[in-house]
Amino acid sequence: MTTDAVSIEELANGDWYYQIHSHLEYTPKSGEKISCMVEHGSFNKPMIIDWDPSISESDWDKISIEASGLVLGIITAAAGLMYYKKKSAD
28 MTTDAVSIEE LANGDWYYQI HSHLEYTPKS GEKISCMVEH GSFNKPMIID
78 WDPSISESDW DKISIEASGL VLGIITAAAG LMYYKKKSAD
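What follows is the structure in structure tokens.
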């Protein structure tokens with residue numbers, strides 16, 4: 028699918044080395060297996076990387092902590108609002 032590449036950029040690392048990045052816009056269909064072929068002068072043959080869309084356990088931990096913080100913040104704000112309304116009614 029290299030013909031459908033949206034953009035190809037040459038990026039400088041700042042140490043006289045450069046990287047070439049290719050971007051491809053693609054909407055996968057259910058059940059599709061997606062792989063990326065990487066060619067480099069130091070490789071004997073192209074490297075094929077399979078894309079794994081699953082979320083890692085450390086990412087799940089971060090999501091859980093952030094969601095818990097959000098829920099706690101909402102509960103605290105609601106309790107503060109109820110306290111304020113009750114106090115101003117007196």
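To convert a position in the sequence shown, counted from 1, into my numbering, add 27.
Glycine residues also receive a C-beta, built at the ideal position from the N, C-alpha and C atoms.
None of these values were measured; they are calculated from a predicted model.
Rounded C-beta distance between C63 and W78? I'm assuming under 8 Å.
7 Å
Bridge partners for I75 per DSSP, in chain order?
M64
What's the C-alpha gap between S39 and S49?
According to the sequence provided, residue 39 is Ala. The question's Ser does not apply to it. If you take the alpha carbons of A39 and S49, they lie about 14 Å apart.
Starting from K56, trace the alpha helix (DSSP H) in both directions and tell me its first and last residue.
Premise fails: K56 is in no alpha helix (DSSP H) and is neither H nor E.
How about V65 and P73: are their beta carbons less than 8 Å apart?
yes
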